[in-house]
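Novice:
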Amino acid sequence: MNRKLTEIVVAIAISCFAASAQQAKSAVPDLNGYWALQDDSRNVPRSKLTAQAANTNQDELAKHDMQEIRWCHWYGVPYLMGTSPLQIAQNLTGREIAIIFSTRNPGRHIYLDTPHPNSGTYDATSTGHSIGKWEGETLVVDTVGFSEEGLTAIPGGGRRTKNSHLVERFRLLRNGNQLSVVFTWTDSKTFAEPHIYEFRYFRLPKGFEMSNVDCDPADEARAKFLLSPPGTQIP
Amino acid sequence: MLFESKTIVRSRHAAVALALLTCGTCSFAQSAASPADFSGSWERRDDVGGGSFGGILEKIIPKAVLKPEFIEANRREAARQQAGDVVAFSSKWCQTFHYPFFMQHSAAWHIVQTTDELIQIPEVHTFARHIYLDGRKHPDPAALVPNVNGHSIGKWQGNSLLVDTIGFVPGGGTPGGGRIGPATHLTETFTLLDAGKKLQVTFTWEDPSIFLKPHTYNFTYYKSAPDSYALEDYCHADEATQSGSVVEPKQQ
Numbered sequence: 001m002n003r004k005l006t007e008i009v010v011a012i013a014i015s016c017f018a019a020s021a022q023q024a025k026s027a028v029p030d031l032n033g034y035w036a037l038q039d040d041s042r043n044v045p046r047s048k049l050t051a052q053a054a055n056t057n058q059d060e061l062a063k064h065d066m067q068e069i070r071w072c073h074w075y076g077v078p079y080l081m082g083t084s085p086l087q088i089a090q091n092l093t094g095r096e097i098a099i100i101f102s103t104r105n106p107g108r109h110i111y112l113d114t115p116h117p118n119s120g121t122y123d124a125t126s127t128g129h130s131i132g133k134w135e136g137e138t139l140v141v142d143t144v145g146f147s148e149e150g151l152t153a154i155p156g157g158g159r160r161t162k163n164s165h166l167v168e169r170f171r172l173l174r175n176g177n178q179l180s181v182v183f184t185w186t187d188s189k190t191f192a193e194p195h196i197y198e199f200r201y202f203r204l205p206k207g208f209e210m211s212n213v214d215c216d217p218a219d220e221a222r223a224k225f226l227l228s229p230p231g232t233q234i235p
Numbered sequence: 001m002l003f004e005s006k007t008i009v010r011s012r013h014a015a016v017a018l019a020l021l022t023c024g025t026c027s028f029a030q031s032a033a034s035p036a037d038f039s040g041s042w043e044r045r046d047d048v049g050g051g052s053f054g055g056i057l058e059k060i061i062p063k064a065v066l067k068p069e070f071i072e073a074n075r076r077e078a079a080r081q082q083a084g085d086v087v088a089f090s091s092k093w094c095q096t097f098h099y100p101f102f103m104q105h106s107a108a109w110h111i112v113q114t115t116d117e118l119i120q121i122p123e124v125h126t127f128a129r130h131i132y133l134d135g136r137k138h139p140d141p142a143a144l145v146p147n148v149n150g151h152s153i154g155k156w157q158g159n160s161l162l163v164d165t166i167g168f169v170p171g172g173g174t175p176g177g178g179r180i181g182p183a184t185h186l187t188e189t190f191t192l193l194d195a196g197k198k199l200q201v202t203f204t205w206e207d208p209s210i211f212l213k214p215h216t217y218n219f220t221y222y223k224s225a226p227d228s229y230a231l232e233d234y235c236h237a238d239e240a241t242q243s244g245s246v247v248e249p250k251q252q
């Protein structure tokens, strides 16, 4: 009887160990959920710009941004990563992670363990093409293929261009209740050296539902508000 | 002997229970796994010889059985289009698409699936649609904030996902001439076909203030190649206005 008992326990333990080993192999940190930025979420030093970038006409850039907002174009990255809350969804297959935002946009898709597509055939987008891989507990996301559509200002100074290259490192902190994302931008025409900054997002409670922030280019009052001198009386 | 035997049995139960408890965490991921994997990129194709995306709709979507005022509204819209005004105001102005528009659009849409949610991510100008799978209920009507995709909850029935949606912002439309109001109720069934190469979605729209009987139809979507990736389908109303097709941003 004792031998049988031992055999049963050993059999369960072996199958358990095998399952644990299998899970450990595929287990990755759980980034799933909704995340919010707080007042103290941003550590953003000033970037070191190239002379060409430093001399860019700021008035023209401001005008460009206002037009992008007025016409509800895709705002893109990095702007979207500074909106709050945002959702991270890790596909069950482990092949993709999506980042969903409350503003009207097609989201970010991070494809894991796959190369970027051929740059000759890829249509540049405001969020670029993102691929990711796990380095231990850190998700490293590499993004290229940006367009110049949307709100291109990079925190700390500089603009997203077609030449921009972004590497993000996502890492959970404090028992998974905080998420650190370290952004590194390189672009030889914009930055004299890689521009690095960090955001820390706070996990929202389970069951949270994100509302939608709409954008209507046909809203005449909205358009007048955005394009008129501040204080103009607009119904 | 009797005492010893009972002890052994009790010990065996305890040991097995302990082993199973220890194993519980490792098997959780498997037991929590969804019965079907809908993730990936999905797109419509012309598998009925419709010749165009609109042509496909005409061949596969039955006419909604509507109350007279909606039949009249559809007649007026058809007359306007017949007269050459073929682009809807909302399209000219790149206004947000209401569900289910992206489901019949030519652009692909994408599913990301977690244990708690199935998220549909369109490429066109609208919002991601969240289908909650964690057992939550719809919010109390007083707390429900309407939006263009409504509020959706899903549950598994075998390998199919049943989705129940309420809380739409009024103003949208369905294929077959149906309209969507604040009290419209949608039920959908998502089912994989052909070893996961196809996804069939059956839609049933109900709203006694609009439909005389439930409006049911289905679409079949094809899974994109594994190396495909999402695009952005941009809409620039400013370019439309510059080309002269839109002159005044006034609601019609």
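These protein sequences, in sequence, are chains A and B. The first sequence begins at 1 in the numbering used here and counts up one residue at a time. The second sequence begins at 1 in the numbering used here and counts up one residue at a time. Just so it is clear, CB atoms sit at the ideal spot from N, CA and C, and this is done for glycine as well.
Please list, in chain order, the residues of the region 77 to 107 of chain A that have any C-beta partner in chain E closer than 9 Å.
Specialist: Absent from the structure is chain E; the protein chains it does hold are A and B.
Novice: Please compile the residues from chain A whose C-beta is within a distance smaller than 9 Å of the C-beta of E117(B).
Specialist: Neighbours of E117(B) on chain A, chain order: N32, Q87, A89.
Novice: To the nearest angstrom, how far is the alpha carbon of G177(B) from that of G167(B)?
Specialist: Cα-Cα distance, rounded: 20 Å.
Novice: Quick check on N91(A): does DSSP put it in helix, strand or coil?
Specialist: N91(A): coil per DSSP, three-state reduction.
Novice: Any contact between the region 40 to 48 of chain B and the region 107 to 121 of chain B? By contact I mean 3 or more CB pairs, one from each, below 8 Å.
Specialist: At 8 Å Cβ cutoff, the stretches touch.
Novice: Listed in chain order, which residues of the region 51 to 80 of chain B have Cβ atoms closer than 9 Å to some Cβ of chain A?
Specialist: Under the 9 Å Cβ criterion, the region 51 to 80 of chain B contributes no residue.
Novice: Could you have a look at I110(A) and say whether DSSP puts it in helix, strand or coil?
Specialist: If DSSP states are grouped into helix, strand and coil, I110(A) belongs with the strands.
Novice: Over what stretch of residues does the beta strand (DSSP E) that includes F101(A) continue unbroken?
Specialist: Unbroken beta strand (DSSP E) run through F101(A): 96 to 101.
Novice: Are the C-beta atoms of G128(A) and some chain B residue less than 8 Å apart?
Specialist: With 8 Å as the cut-off, G128(A) does not count as an interface residue toward chain B.
Novice: For the beta strand (DSSP E) containing N43(A), list its first residue and its last residue.
Specialist: That run of the beta strand (DSSP E) goes 33 to 43.
Novice: What does P182(B) reach in chain A if we use C-beta pairs closer than 7 Å?
Specialist: None at all; the shortest Cβ gap to chain A is about 16 Å.
Novice: Whole angstroms is fine: what's the gap from K223(A)'s alpha carbon to I234(A)'s?
Specialist: The residue asked about is misnamed: residue 223(A) is Ala in this sequence, not Lys. Cα to Cα, A223(A) sits roughly 10 Å from I234(A).
Novice: What is the rounded straight-line gap between the Cα of D47(B) and the Cα of A192(A)?
Specialist: Each residue's alpha carbon lies about 54 Å from the other.
Novice: Write down the C-beta distance between L204(A) and P85(A) rounded to the nearest angstrom, noting that I regard them as a contact closer than 8 Å.
Specialist: Indeed, because the Cβ distance is near 6 Å, the residues count as touching under 8 Å.
Novice: Nearest to T204(B) by CA position, among L212(B), G54(B), G171(B), is which residue?
Specialist: It is L212(B).
Novice: Between which two residues does the beta strand (DSSP E) holding L172(A) run?
Specialist: Element bounds for L172(A): 165 to 173.
Novice: What is the DSSP secondary structure of L139(A), reduced to helix, strand or coil?
Specialist: In this structure, L139(A) counts as strand in the three-state DSSP scheme.
Novice: Any residues in the region 124 to 157 of chain B with a beta carbon nearer than 9 Å to a beta carbon of chain A? Which ones, in chain order?
Specialist: Here the close residues are V124, H125, T126, F127, A128, H130, Y132, D134, R136, P139, V145, N147, V148, N149, H151.
Novice: Give the straight-line distance between the Cα atoms of P243(A) and P229(A), rounded to the nearest whole angstrom.
Specialist: Not covered by the structure: residue 243(A). The range shown for chain A is 1 to 235.
Novice: By the 10 Å Cβ neighbour count, where 16 or more other Cβ atoms means buried, how is A128(B) classified, buried or exposed?
Specialist: Label assigned to A128(B): buried.
Novice: Would you identify the three-state DSSP class for G196(B), choosing helix, strand or coil?
Specialist: G196(B) falls in the helix class under three-state DSSP.
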